[in-house]
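Asks: Chains as they are written, first to last, in our numbering: chain A, 1 to 336; chain B, 1001 to 1336. Note that the Cβ used here is the ideal one computed from N, Cα and C, for glycine as well.
(1) Please report the straight-line C-alpha distance between residue 44 of chain A and residue 53 of chain A, rounded to a whole angstrom.
(2) In the structure shown, what three-state DSSP assignment does residue 1064 of chain B receive?
(3) Going by other Cβ atoms of all chains shown within 10 Å of its Cβ, with 16 needed for buried, is residue 1059 of chain B buried or exposed?
(4) Kindly indicate if chain B contains any beta-carbon less than 8 angstroms away from that of residue 279 of chain A.
(5) To test your reading of the DSSP string, which unbroken alpha helix (DSSP H) runs of 4 or more residues are found completely within the segment 1147 to 1229 of chain B?
(6) Hey, does residue 275 of chain A have any beta-carbon neighbour from chain B nearer than 8 angstroms?
(7) Which partner residues of residue 26 of chain A appear in the DSSP bridge assignment?
(8) Is it true that the segment 1156 to 1173 of chain B meets the segment 1002 to 1015 of chain B, where meeting means three or more beta-carbon pairs spaced less than 8 angstroms apart?
(9) In angstroms, rounded to a whole number, what distance separates the CA positions of residue 309 of chain A and residue 1162 of chain B?
(10) Just to confirm, is the Cβ distance from residue 289 of chain A to residue 112 of chain A under 8 angstroms?
(11) Assess contact between the segment 1178 to 1189 of chain B and the segment 1262 to 1269 of chain B, defined as three or more Cβ pairs (one per stretch) separated by less than 8 angstroms. Is contact present?
(12) So, are the CB atoms of residue 209 of chain A and residue 327 of chain A less than 8 angstroms apart?
(13) Could you spell out the range, first to last residue, of the alpha helix (DSSP H) harbouring residue 287 of chain A?
(14) For residue 1211 of chain B, which residues from the same chain have a beta carbon less than 7 angstroms from its beta carbon, with the 5 sequence-adjacent residues on both sides left out?
(15) Whose C-beta lies closer than 8 angstroms to the C-beta of residue 303 of chain A among residues of the same chain, with five residues either side of it excluded?
(16) I'd like the span of the beta strand (DSSP E) that includes residue 1010 of chain B, first residue to last.
(17) Grouping DSSP H, G and I as helix and E and B as strand, with all else coil, what is residue 1335 of chain B?
(18) Determine, for residue 1308 of chain B, whether the minimum Cβ-Cβ distance to residues of chain A falls below 8 angstroms.
(19) Is residue 1286 of chain B close to chain A, meaning its C-beta is less than 8 angstroms from at least one C-beta of that chain?
(20) From the DSSP output, which residues share a beta bridge with residue 82 of chain A?
(21) Going by DSSP, what residue range makes up the beta strand (DSSP E) through residue 1261 of chain B?
(22) Using a C-beta cutoff of 8 angstroms, does residue 1259 of chain B count as contacting chain A?
(23) Using a Cβ cut-off of 9 angstroms, which residues of the segment 1098 to 1122 of chain B contact any Cβ in chain A, in chain order?
(24) Roughly how many angstroms lie between the CA atoms of residue 249 of chain A and residue 94 of chain A, to the nearest whole one?
(25) Comparing alpha-carbon positions, which option in A/227, A/274, A/239 lies nearest residue 256 of chain A?
(26) Exposed or buried, which one is residue 1035 of chain B when buried takes at least 16 other CB atoms within 10 Å?
(27) Which same chain residues, not among the five before or five after residue 1119 of chain B, have their C-beta less than 6 angstroms away from its C-beta?
(28) Identify which residue in A/322, A/9, A/29, A/38 has its Cα closest to the Cα of residue 20 of chain A.
(29) Is it the case that the segment 213 to 221 of chain A contacts the segment 138 to 148 of chain A, given that we only count it when at least three CB pairs across the two stretches are under 8 angstroms?
(30) Is there a C-beta anywhere in chain B that falls below 8 angstroms from the one on residue 216 of chain A?
(31) With 7 angstroms as the limit, tell me which residues of the segment 70 to 82 of chain A have their beta carbon closer than that to any beta carbon of chain B; keep them in chain order.
(32) Short of 7 angstroms Cβ to Cβ, which residues in the segment 1184 to 1201 of chain B face chain A?
(33) By the 10 Å Cβ neighbour count, where 16 or more other Cβ atoms means buried, how is residue 1191 of chain B classified, buried or exposed?
(34) So, for residue 1169 of chain B: in the same chain, excluding its five sequence neighbours on each side, which residues have a beta-carbon less than 6 angstroms away from its beta-carbon?
(35) Between which residues of its own chain and residue 1028 of chain B is the CB-CB distance below 6 angstroms, once the five residues before and five after are set aside?
(36) Have a look at residue 1232 of chain B and residue 1306 of chain B and give me their C-alpha separation to the nearest angstrom.
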């Protein structure tokens, strides 16, 4: 049901019945290693290209979620997913393996919540019984495409972010009123916001206004205030972006409690890992939500969270052509 | 409502209340010039890059559909759109201009029906009152990215297709039972089908099995036979792909009437235009449906059509890495 200008309420409470989360070696050394189903000790995952390695991460996450969800692939109506690689080939090739009718998305690092919003809407209205949705990224594939091959050893400023290697996939199903399964209650779809920033080494700063716009729209549309949530988590604004969004929200009259306002890009890695401002990548919020955060919810630590995935919709070409960075954020609320 | 394995029925009959269609000089000399709202006499559209020119085509189509639909942009809840350019930047930059909450899609040349299916589902279940959906492509931007800059004058085999320059956008709204407006009645979402073809100069041949799979699934899911439709139109299989899909469907026991089985890629250009096997590109089926075909329906020539948009989900990189071409097709039925 549409509420306000750009939000949906999911009255049937579609459940996230199971998740599958895979990751790479950097993630295995990070803060949330225990929340992964599968971790690789090298970046190649047995493949001869990083793009193929990324496909493997998605395939493993799909395989895992299907097993954990105790269903057959044939009983999944739709796969809704995307990534950051040109023409989202890792996801489309994984969809070829899965043989599930497929909606390809492009939302950069906002893809995870674009997909969860669509999956929840479909399930809420009996458009599907079982939907898989997720997002992925691979550090070396992304660096090669957007910046330089990692083998060049290029230096980066402290505002840069580290693309996560991993895939997170969720199984969204009808709510059968089982105990202790998280369910989605609402979503807010973002507009493209571009404040004219042009530095691709400061994505968090560029994306912060989009996050603020969507968070503000969410509270207006749903007539809620921030205290409604135990936790508000942005996708991957990292250090710089998180400070900026807190300022922007305060200017909009929304004072956040910093202890209950986290960022996936600041949760994934340890302090001593050289990730500059923090993690990023389309997989980042998918991994952190479908791994760590849902585990925390199942343990009773959080009952109600809002996940705000942020995406920078630039390309290397748009940057070379002198364009600024258009950004977007989509939010989904999850309760248990 | 889900029917069968991978199809939806839209019981509320969401209407296509208005459309906006823009095109380039090659299209202005083509068969369907009269069905465009805006035609440009050069490929640059006043911009300094072809990607920016493509953005202008989308912006113009959006502007046109909003005017023709007699609504304000502020009353449109969502824009659901995509294109073939890396990170779909033309569409995302147009979404920045439009300031409408935005779902970015990637489905290559299947994007038009991926978007129309989602828009129809949302409107059918009151997830939105007004949704814009569409797709676009630009010949020179696409050639530069997937093959060679057109200025090189590279030769192509007769199986190659010509990427259309243009954008087609539809306004999907609640059905207010107005007379003579086309409405969507069902959609079938395709799986990724890959028969191992690797020749990027024969996309039609590669995509034909995906089209056959989705068409066959559509008739099985909806318990219909081909005579239900006045016209079945594939996205852009062009000459080679159209012959292949007719053979494949016959092998599946679905004998098509060739006079009522058309292809957008064979409708857009004149016989004497040098488009090899025919037109293609994410804009092709969007232009032909939202321009020509809906005009024909409003004139009473067709009452019930099935549009099957086909997409080749490869990238230049996946081709270089020796992968075959994964393909997909999505179908939407439209009645008046």
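Replies: From the atom records:
(1) Taking C-alpha positions only, residue 44 of chain A is separated from residue 53 of chain A by approximately 5 angstroms.
(2) Residue state, collapsed to three classes: helix.
(3) Counting Cβ neighbours within 10 Å, residue 1059 of chain B comes out buried, since at least 16 surround it.
(4) Interface annotation, residue 279 of chain A: not in contact with chain B, CB-CB separation never under 8 angstroms.
(5) The qualifying runs are 1203 to 1222.
(6) Not closer than 8 angstroms to any Cβ of chain B, the Cβ of residue 275 of chain A fails to qualify, so no.
(7) Paired residues: none, contrary to the question.
(8) Yes, the segment 1156 to 1173 of chain B is in contact with the segment 1002 to 1015 of chain B.
(9) It is roughly 37 angstroms from the alpha-carbon of residue 309 of chain A to the alpha-carbon of residue 1162 of chain B.
(10) Result yes, Cβ atoms of residue 289 of chain A and residue 112 of chain A sit closer than 8 angstroms.
(11) In this structure the segment 1178 to 1189 of chain B does not touch the segment 1262 to 1269 of chain B; the number of beta carbon pairs closer than 8 angstroms is below three.
(12) In contact: residue 209 of chain A and residue 327 of chain A (Cβ atoms closer than 8 angstroms).
(13) Note, residue 287 of chain A: alpha helix (DSSP H), 282 to 287.
(14) If we look at residue 1211 of chain B and ignore the five residues flanking it on each side, its Cβ neighbours are 1234, 1237, 1245, 1308, 1310, 1329.
(15) In the same chain as residue 303 of chain A, and ignoring 5 residues on each side of it, the C-beta atoms closer than 8 angstroms to its own belong to 230, 297, 335, 336, in chain order.
(16) For residue 1010 of chain B, there is no enclosing beta strand (DSSP E), as DSSP marks it with neither H nor E.
(17) Annotated three-state conformation of residue 1335 of chain B is strand, per DSSP.
(18) Chain A contact via Cβ: absent.
(19) Chain A, which has no Cβ nearer than 8 angstroms to the Cβ of residue 1286 of chain B, makes this no.
(20) DSSP, once it has assigned bridges, lists A/105, A/135 as partnering residue 82 of chain A.
(21) In the DSSP assignment, residue 1261 of chain B falls within the beta strand (DSSP E) that extends over 1261 to 1263.
(22) For residue 1259 of chain B, the answer is no, since every Cβ of chain A falls outside 8 angstroms of its Cβ.
(23) Within the segment 1098 to 1122 of chain B, the residues whose Cβ lies closer than 9 angstroms to any Cβ of chain A are, in chain order, 1098, 1099, 1100, 1101, 1102, 1103, 1104, 1105, 1106, 1107, 1108, 1110, 1111, 1114, 1117, 1118, 1121, 1122.
(24) If I take the Cα positions, the gap works out to 38 angstroms.
(25) Answer by Cα proximity: A/227.
(26) Burial call: buried.
(27) Result list for residue 1119 of chain B: 1080, 1131, 1133, 1172, in chain order.
(28) Selected option, being the one with the closest Cα: A/38.
(29) No, the segment 138 to 148 of chain A does not touch the segment 213 to 221 of chain A.
(30) Using a Cβ-Cβ cut-off of 8 angstroms, residue 216 of chain A does not count as an interface residue toward chain B, since no Cβ of chain B sits closer than that to its own.
(31) Result list: 77, 78, 82.
(32) Those residues of the segment 1184 to 1201 of chain B that come within reach of chain A (Cβ to Cβ, closer than 7 angstroms) are 1189, 1190, 1191, 1192, 1194.
(33) Its Cβ being crowded by 16 or more others within 10 Å, residue 1191 of chain B is buried.
(34) Excluding sequence neighbours, residue 1169 of chain B sits near 1020, 1061, 1062, 1065, 1132, 1134.
(35) The residues 1039, in chain order, have a CB closer than 6 angstroms to that of residue 1028 of chain B in the same chain once the five nearest residues on each side in sequence are set aside.
(36) Those two C-alpha atoms are separated by around 5 angstroms.
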